[in-house]
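Step one of this worksheet: look at the structure below.
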Amino acid sequence: MSFLRDVFLSNLGLKALSLVLAFLFWMQIAGRERVQRIISAPIVFENVPENLEITGDFPTQVEVVIRSERPGGQVAANDLLVIVDLGASKPGVQTIPLSGKNVKNKPLGVDIVNLLTSRIRIVLEQVEQRSVDVEAQVIGRPAPGYRMAAVTIDPGSMTVIGPQTRIRRISRVLTEPVSIEGTSTTVRRDVYLHLPDPPVRLAGSQVVMVTVTIVADKPQPAPRRR
7 MSFLRDVFLS
17 NLGLKALSLV
27 LAFLFWMQIA
37 GRERVQRIIS
47 APIVFENVPE
57 NLEITGDFPT
67 QVEVVIRSER
77 PGGQVAANDL
87 LVIVDLGASK
97 PGVQTIPLSG
107 KNVKNKPLGV
117 DIVNLLTSRI
127 RIVLEQVEQR
137 SVDVEAQVIG
147 RPAPGYRMAA
157 VTIDPGSMTV
167 IGPQTRIRRI
177 SRVLTEPVSI
187 EGTSTTVRRD
197 VYLHLPDPPV
207 RLAGSQVVMV
217 TVTIVADKPQ
227 PAPRRR
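What follows is the structure, given as structure tokens:
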């Protein structure tokens, strides 16, 4: 018994140090364990031809399976970017394959396992522009005894730009409402234009000058006496 006690009690400091070193070594190995997780990475469309535009519903994110060491595994969604190059695209439906090569901005120590979406579908349309008339929205009534005599708009037409199918549906552009409620004098307002179709945009300024001329009603001639 004394022999065994001497064996266990001898060199306690050295044995304790060995135990600590073994524990630290285990922690280092465990810390390097590689784990997998899924990140939703944004899609970035690059080199879109100037005469084309993406229309309709299209994907904005792709789920990416990554593998990283546990201590460095804190990867945010915006740390990864899925780049789609449209430089060689033509009008129409495009089916674009995706792979790990599309993933950019990869942090150090992170490997791309695969993408859960192997291809995406987008529609590219020809960009057109055309000139359309501007129409003022006038609301309200002048003060009693007055009336609206004329409405002028400067400029009276604007150039709109957008996807071909959307542009061909637009015949006019409306202003934001201009109120003449209760007024007895001419109204002049700088007002914004209203575009109901978001893909369509204006080539120039979004503001026009609307002038609503208000005049007094002419008095009715008195009836002739017989």
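Position in the sequence shown (first residue = 1) + 6 = our numbering.
Every residue gets a Cβ at the ideal spot worked out from N, C-alpha and C, and that includes glycine.
If you're wondering where the values come from, they're calculated on a predicted model, not measured in any experiment.
| Asked | Found |
| --- | --- |
| Can you give the beta carbon distance from valine 87 to proline 113, rounded, assuming they're within the 8 Å contact cut? | Sequence inspection shows leucine at residue 87; the valine mentioned does not correspond to that position. Wrong, their Cβ atoms sit about 12 Å apart, outside the cutoff. |
| If you follow the alpha helix (DSSP H) that threonine 313 is in, where does it begin and where does it stop? | Absent from the model: residue 313. The displayed extent of the chain is 7 to 232, so no value can be given. |
| What residue does the beta strand (DSSP E) around aspartate 91 start on, and which one ends it? | 87 to 91 |
| Tell me whether the beta-carbon of proline 183 lies closer than 8 Å to the beta-carbon of isoleucine 145. | yes |
| For valine 213, count neighbouring C-beta atoms within 10 Å of its own C-beta (all shown protein chains included) and say buried if the count is 16 or more, exposed if not. | exposed |
| Can you tell me the Cα-Cα spacing of valine 166 and glutamate 141, whole angstroms? | 14 Å |
| Can you look up lysine 110 in the DSSP assignment and give me helix, strand or coil? | strand |
| Is the beta carbon of isoleucine 186 closer than 8 Å to that of proline 148? | yes |
| Alpha carbon to alpha carbon, what distance is there between valine 119 and glycine 78? | With a pLDDT of 48 at glycine 78, under the threshold of 50, the predicted position of this residue should be treated as unreliable, though the coordinate-derived value follows. About 16 Å. |
| Select from Thr189, Glu59, Gly168 the residue whose C-alpha is nearest the C-alpha of leucine 208. | Gly168 |
| When we look at the beta-carbon of valine 99 and count the other beta-carbons within 10 Å, is it buried (16 or more) or exposed? | exposed |
| Serine 95: which of Gln42, Asp139, Pro55 sits nearest, CA to CA? | Pro55 |
| Since I believe threonine 192 is in contact with valine 218 (beta carbons under 8 Å), could you give me their beta-carbon distance rounded to a whole number of angstroms? | 7 Å |
| With a Cβ-Cβ cutoff of 8 Å, do valine 221 and tyrosine 152 count as a contact? | yes |
| Identify whether asparagine 84 lies in helix, strand or coil by the three-state DSSP scheme. | helix |
| Starting from serine 177 and walking both ways along the beta strand (DSSP E), at which residues does that stretch end? | Looking at the DSSP string, serine 177 is not in any beta strand (DSSP E), and its letter there is neither H nor E. |
| Quick one: Cα of valine 41 to Cα of valine 70, how far? | 14 Å |
| Under the DSSP definition of a beta bridge, which residues are partnered with alanine 209? | Beta-bridge pairing links alanine 209 to no other residue. |
| Give me, in chain order, the residues of the same chain whose beta-carbon lies closer than 6 Å to that of glutamine 135; leave out the 5 immediate sequence neighbours on both sides. | Thr165, Ile167 |
| Have a look at phenylalanine 51 and leucine 92 and give me their C-alpha separation to the nearest angstrom. | 7 Å |
| Which same chain residues end up closer than 7 Å to proline 103 when comparing Cβ atoms and leaving out the 5 residues on each side of it in sequence? | Ser124, Arg125 |
| Leaving aside the five residues before and after arginine 175 along the sequence, list all residues of the same chain whose C-beta is less than 8 Å from its C-beta, in chain order. | Asp203 |
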